[in-house]
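S.K.:
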Amino acid sequence: QVQLVESGGGLVQPGGSLRLSCAASKIPLRTFTMGWYRQAPGKQREFVARITSGGDTNYAESVAGRFTISRDNAKSSVYLQMNSLSLEDTAIYFCVLIRVLGDIWGQGTQVTVSS
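In the numbering used here, the protein residues as written are 1 to 115.
#1: Just verifying my parser: in three-state terms, what is the DSSP assignment at Val46?
#2: Taking the continuous beta strand (DSSP E) assigned at Ser115, which residues delimit it?
#3: Near Thr112, which residues of its chain fall below 6 Å by C-beta distance, leaving aside the five closest residues on each side in sequence?
#4: Comparing C-alpha positions only, which one of Ala60, Thr31, Gln13 and Gln1 sits nearest to Ser76?
#5: Compute the Euclidean distance between the alpha carbons of Lys43 and Leu87, then round it to the nearest angstrom.
#6: With contact counted as at least three CB pairs below 8 Å, one residue from each stretch, are the segment 39-57 and the segment 7-26 in contact?
#7: Whose C-alpha, out of Lys26, Arg71 and Glu6, is nearest the C-alpha of Met34?
#8: Under three-state DSSP, which class holds Leu20?
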């Protein structure tokens, strides 16, 4: 069974940084677009960033210039480098593999920004 497992979340102070990782098992990532979404308490899940198989990226306006998505196909992994974190970035972050047969989601990793 295909699985995506996120890691790297935690508690960080405002202005700090975190790097999230998403590792895939039983599927090579190289041909798929991968993305990160997040869901804050009481809010709907929202798009954060996306990276195509060719390496093209796009970001939500709220994170552009602060977050960077990248991928390492050899390691079947996708990353989200998050800098200059603010309280509004507190959320559960989900990794997603986008495909025609249906997207595959990870279980999420909690990011809490607090002083």
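Quick reminder that beta carbons are idealized off the backbone N, C-alpha and C, glycines included.
This one's a predicted model, so the numbers in the text were calculated from it and none came from an experiment.
M.R.: Based on what the coordinates show:
#1: The sequence as given places Glu at residue 46; Val does not occur at that position. Looking at Glu46 - three-state DSSP - the assignment turns out to be strand.
#2: Unbroken run through Ser115: none, as it is neither H nor E.
#3: Leu11 and Thr90
#4: Thr31
#5: 15 Å
#6: no
#7: Arg71
#8: strand
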